[in-house]
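Student:
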Amino acid sequence: MTVLEWSGEIGWELWTPELRAQLKASKGDDLTIRFSSVGGSIFEGSDIFNMLADHRRDNPSIKMNLEIKSTALSMGSAIAASPVFDDVSVEQTSMFMLHNPWTFAMGDFDKLQTQADFLKSARDMFAKIYSAKSGQSITDTIDDMSAETWFFGQEIIDAGFANRMNESVSSAEPAAGIVGIGQDKTYVLIAVKAKFQEMKKRQKELNEGVEFDEERAVACLKGTSNTKIVSKSKGDTNNSNNPEDSTVKTKADLIKELPVVYDECVQEGVQKV
2 MTVLEWSGEI
12 GWELWTPELR
22 AQLKASKGDD
32 LTIRFSSVGG
42 SIFEGSDIFN
52 MLADHRRDNP
62 SIKMNLEIKS
72 TALSMGSAIA
82 ASPVFDDVSV
92 EQTSMFMLHN
102 PWTFAMGDFD
112 KLQTQADFLK
122 SARDMFAKIY
132 SAKSGQSITD
142 TIDDMSAETW
152 FFGQEIIDAG
162 FANRMNESVS
172 SAEPAAGIVG
182 IGQDKTYVLI
192 AVKAKFQEMK
202 KRQKELNEGV
212 EFDEERAVAC
222 LKGTSNTKIV
232 SKSKGDTNNS
242 NNPEDSTVKT
252 KADLIKELPV
262 VYDECVQEGV
272 QKV
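To convert, take the position in the sequence shown, counting from 1, and add 1; that gives my numbering.
#1: Does S37 come out as helix, strand or coil in the three-state DSSP assignment?
#2: Check M76 in the structure and name its three-state DSSP category.
#3: When the distance is taken between beta carbons, is I49 closer than 7 Å to I80?
#4: Assuming the contact rule is C-beta atoms closer than 8 Å, A73 and F36 should be a hit. Round their C-beta distance to whole Å, please.
#5: Find the nearest neighbour of N86 within the set F110, E156, A54, G46, judged by alpha-carbon distance.
#6: Nearest-angstrom Cα distance between N60 and R21?
#7: Evaluate V4 with the Cβ neighbour count: other Cβ atoms within 10 Å of its Cβ, from every protein chain shown; 16 or more gives buried, anything less gives exposed.
#8: Taking the CB atoms as reference points, tell me whether M96 and S78 lie closer together than 7 Å.
#9: How many whole angstroms separate the CB atoms of V94 and S71, which I take to be in contact at a CB cut-off of 8 Å?
#10: So who's on the other strand from E6, going by DSSP bridges?
#11: Buried or exposed: where does F110 fall if 16 or more other Cβ atoms within 10 Å of its Cβ makes it buried?
#12: Measure the alpha-carbon distance for V91 versus S8 and round it to whole angstroms.
#13: Once you ignore the five residues that flank Y131 on each side, which residues in its own chain have a CB closer than 7 Å to its CB?
#14: Would L67 and I43 be called neighbours here (beta carbons separated by less than 7 Å)?
#15: On the CB-based measure, 16 or more other CB atoms within 10 Å of its CB, does A128 come out buried or exposed?
#16: Considering only the beta carbon of each residue, do N101 and M52 sit closer than 7 Å?
#17: So within the segment 121-161, which uninterrupted alpha helix (DSSP H) runs reach at least 4 residues, ignoring any that extend past its ends?
#18: How many angstroms separate the CA atom of S157 from the CA atom of K25?
#19: Could you pull out every residue in the same chain whose Cβ sits closer than 7 Å to the Cβ of A133, ignoring the five residues on either side in sequence?
#20: Near Q137, which residues of its chain fall below 8 Å by C-beta distance, leaving aside the five closest residues on each side in sequence?
#21: Starting from the C-beta of E14, find all residues in its chain whose C-beta is less than 8 Å away, skip the five residues before and the five after it, and write them out in chain order.
#22: Quick check on the burial criterion: 16 or more other C-beta atoms within 10 angstroms. Buried or exposed for G29?
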């Protein structure tokens, strides 16, 4: 069993090339990822999401486990909801948050409309991912995203985003500053949202003066929306990892599932769908 520690802001401390190298170094071993992230770049996060799907496809018989240690927020929660994981566990102190995708916008009304269309398509795409994981309807999931919904510890399991609680190794009280059972969630949210705002500020600074990348947006939506993985762990002969399971196979499928993406592909002269 290979254990990887993935902690930090997506697109600042967590980057696809480095994480891919770690996965490659595991050499097809069973995998446990200890994960904590306040979120970050939707593009980099989608790359990580799809990288995990690639690793599952390349190694269909291994076990892939995720331990949510502190936070799985925003894009971090989308990664945690990936269908590649056989087991998702949480701590008593873990936090999970889903909300609508966001960005910092600039440009004329055409540019702003393009970005708005992208964000709506991204919301619909991630709603399907969350819904498939939790078993909740897409409509209710979208409502949760619009409300910016937070889950703590056991609530993450109850909501369907994890299947078990990690065993406690000590009966001692949590260290100062760490969320403990019985603490007022209001104070917890204030502290965590402060960190989340720091991340948003950094993302704004990183993207200041950078034009919206329409090609990468299309690639992001096409790649992640096509990620349909059924794990086939050792000893499990009932599941399949057939690439034909992809939900978008034809132009008609793309028009039906992601009409905005199709329109953008046409506008940009993209011939492959």
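Quick reminder that beta carbons are idealized off the backbone N, C-alpha and C, glycines included.
Tutor: The structure says:
#1: strand
#2: helix
#3: yes
#4: 6 Å
#5: According to the sequence as given, residue 86 is Phe; it is not Asn. Of the candidates F110, E156, A54, G46, the one whose C-alpha sits nearest the C-alpha of F86 is A54.
#6: 14 Å
#7: exposed
#8: no
#9: It should be pointed out that residue 94 corresponds to Thr in this sequence rather than to Val. The pair is a contact, with the Cβ atoms about 7 Å apart (cut-off 8 Å).
#10: R35
#11: exposed
#12: 15 Å
#13: A82, L99, T142
#14: no
#15: buried
#16: no
#17: 139-147, 155-159
#18: The residue asked about is misnamed: residue 157 is Ile in this sequence, not Ser. The straight-line gap from Cα to Cα measures roughly 30 Å.
#19: P84
#20: Y131, D145, A160, G161
#21: S8
#22: exposed
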